[in-house]
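Chains as they are written, first to last, in numbering that gives the first Met the number 0: chain A, 0 to 220; chain B, 0 to 220. Positions of the beta carbon are idealized from the N, C-alpha and C atoms, including for glycine. A quick note: this is a predicted structure, and the numbers were derived from the prediction, not measured. Data first, discussion second: the structure below is written as structure tokens.
There are 2 protein chains.
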Amino acid sequence: MVAARAPELDVRAAVVTEAMRLFAAHGFDGTALQDIADAVGVTKPAVLHHFPSKEHVRQAVLEEILAHWNETLPRLLLAASRGVDRFDAVFGELHRFFAADPNRARVVMREALDRPEQMKKLLRGPVRPWLAAVADYIKAGQRGLGHYADVDAEAYVVHILQLVLMATAAAPVTRAVLEDDAKGRYDRELARIARASLFSPRDAQKESPRPEPARSKKAAR
Amino acid sequence: MVAARAPELDVRAAVVTEAMRLFAAHGFDGTALQDIADAVGVTKPAVLHHFPSKEHVRQAVLEEILAHWNETLPRLLLAASRGVDRFDAVFGELHRFFAADPNRARVVMREALDRPEQMKKLLRGPVRPWLAAVADYIKAGQRGLGHYADVDAEAYVVHILQLVLMATAAAPVTRAVLEDDAKGRYDRELARIARASLFSPRDAQKESPRPEPARSKKAAR
DNA sequence: CCTACCGATCGGTAGG
DNA sequence: CCTACCGATCGGTAGG
Chain A
0 MVAARAPELD VRAAVVTEAM RLFAAHGFDG TALQDIADAV GVTKPAVLHH FPSKEHVRQA
60 VLEEILAHWN ETLPRLLLAA SRGVDRFDAV FGELHRFFAA DPNRARVVMR EALDRPEQMK
120 KLLRGPVRPW LAAVADYIKA GQRGLGHYAD VDAEAYVVHI LQLVLMATAA APVTRAVLED
180 DAKGRYDREL ARIARASLFS PRDAQKESPR PEPARSKKAA R
Chain B
0 MVAARAPELD VRAAVVTEAM RLFAAHGFDG TALQDIADAV GVTKPAVLHH FPSKEHVRQA
60 VLEEILAHWN ETLPRLLLAA SRGVDRFDAV FGELHRFFAA DPNRARVVMR EALDRPEQMK
120 KLLRGPVRPW LAAVADYIKA GQRGLGHYAD VDAEAYVVHI LQLVLMATAA APVTRAVLED
180 DAKGRYDREL ARIARASLFS PRDAQKESPR PEPARSKKAA R
């Protein structure tokens, strides 16, 4: 059922929502204005009444993602405490941001492929302070909190960001490799890789699962 | 300068080469048959003489990538020795495969986004034995060679594959974040993340394996 | 006059 | 392999 008569502002928002979904699935070139119009339930000229051109629809989609990102950013930067807890908080915010709507990750990835120069500007502009802040956290950790000394903070942050992007975007595909409970396993391993490659073990493991046994008591099948 | 009169077989190969480059840069939907024809230096119907449809050009591009992959696979599976050395050899082969031509990574990523179902079949088919073999290496390492006990071998391999794909595909973009010597730093950090998240330090670090600390307590409150 | 559209069609280009 | 085209569909805009 449709919400009957929706004010004109709802059309704009609906176009952005449907365009994000269609761009994520088929790309910008693979999506016709008619597809967007059909998804919203209006005519194509109606879409072009709210957006001067298809290009403006794309910009609106990217701005929507960036706006949500800027909402998440403060929570992320103010994330809890220190050490492993702070890492888990920051990583969790990042992962949830894209996992909450994998289409965000797909659109960003397609944008990076389709318009590398524009994505460079985004990285040098709005995204850079956030990357720098997280990298500073890591550098502080290297000076006394048990991070690996040989971590390249900036490169690490970029790689982890890419990994989260790719993992959330491609989750339905990669799940074809694992048969059982694939979602939980991928998410867990993703967080483990990010954590284990940052923290030297004496600080990273709070739960003492490895009491340095001469022989591991874990039975491998 | 052009090699003057090229036999008809060269046209087919040239179409695949140029199509790979164009598909990587602009995507399948963003590339016209005329673009490919222009890049090769023939007419559009000439392209369609060698390939019944644009879809066949795409398949040929994917088969080209898969063929190269299958050339690399033996070297990769027979990679040297054990432990860290074998890891470096396997990871090195994987990374070189995509770094040698980043367009391979871009085409694969676009394919995963555009045709998830077809990519699933590829993962369940030709790619799976390779993933399973590498995962088995890791499981063997967990039983005595110093890999982290909590590594999810299959999920780890998939994530590292994704990370290498994304990092090579997006390298020109991410290099916008780092100013100096970005290439070397990203490659080095990529390998470090993969290695550090797999090997427990007493085996991975030849310098100073940490003795077991009495308290593995973390600094958090 | 404004808004929010519609039916029809613009110039170009797609795959074939 | 080229010239010459097709049915359709592209993004975008006309008048009403």
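The same chain holds no residue with a CB closer than 6 Å to that of B:A170 once the five nearest residues on each side in sequence are set aside. Contact of B:Q117 with chain A is not assigned, every C-beta pair being separated by 7 Å or more. B:D34: member of the alpha helix (DSSP H) spanning 32-39, first to last residue. The DSSP-derived three-state label of A:F97 is helix. Taking C-beta atoms under 8 Å as the contact rule, B:D149 and A:R127 fail to qualify, at a distance of about 34 Å.
Counting C-beta atoms within 10 angstroms of its own C-beta, B:E17 has 16 or more neighbours from the protein chains shown and is therefore classed as buried. Between B:M108 and A:V172, the CB-CB gap reaches or exceeds 7 Å. Around B:P171, the beta-carbon contacts reaching into chain A at under 7 Å are P115. Comparing C-alpha distances from B:R184 to each of A:A175, A:A166, A:Q161, A:D151 shows the shortest one belongs to A:D151.
A Cβ-Cβ distance of about 7 Å is found for the pair B:A38 and B:L21, placing them in contact under the 8 Å criterion. Two segments are said to touch when three or more pairs of C-beta atoms, one from each, lie closer than 8 Å; by this definition the region 57-65 of chain B does not touch the region 56-68 of chain A.
When beta bridges are read from the DSSP output, A:H146 appears opposite A:F198. Around B:H158, the beta-carbon contacts reaching into chain A at under 9 Å are L162, M165, A166, T173, Y185, E188, L189, I192.
By the neighbour-count criterion, in which a residue is buried when 16 or more other Cβ atoms sit within 10 angstroms of its Cβ, B:A66 is exposed. Contact annotation for A:V133 against chain B: no contact, minimum CB-CB distance about 12 Å [criterion: below 7 Å]. With contacts defined as CB atoms closer than 7 Å, B:H146 and B:L197 qualify as a contacting pair. Per the Cβ contact rule, the region 149-168 of chain B is not in contact with the region 89-106 of chain A (fewer than 3 Cβ pairs under 8 Å). Contact annotation, A:H49 with A:V14: C-beta distance approximately 6 Å; criterion of less than 8 Å satisfied.
For the region 92-103 of chain B, the set of positions with a beta-carbon nearer than 7 Å to some beta-carbon of chain A is empty. Assignment of A:A169 by DSSP, reduced to helix, strand and coil, places it in the coil class. In this model, A:P44 and A:P73 are separated by some 39 Å (Cα to Cα).
When the alpha-carbon of B:L122 is set against those of B:E153, B:I137, B:A175, B:Q141, the nearest one is in B:E153. Contact note: A:Y147 reaches chain B through A195, using a C-beta cutoff of 7 Å and chain order. Taking the Cα of A:V176 as reference, the smallest distance to any Cα among B:D186, B:R187, B:Q161 is reached at B:Q161.
Membership of B:P125 in any alpha helix (DSSP H) is not indicated, and neither H nor E is assigned to it by DSSP.
Around the CB of A:Q33, fewer than 16 other CB atoms lie within 10 Å, so the residue is classed as exposed.
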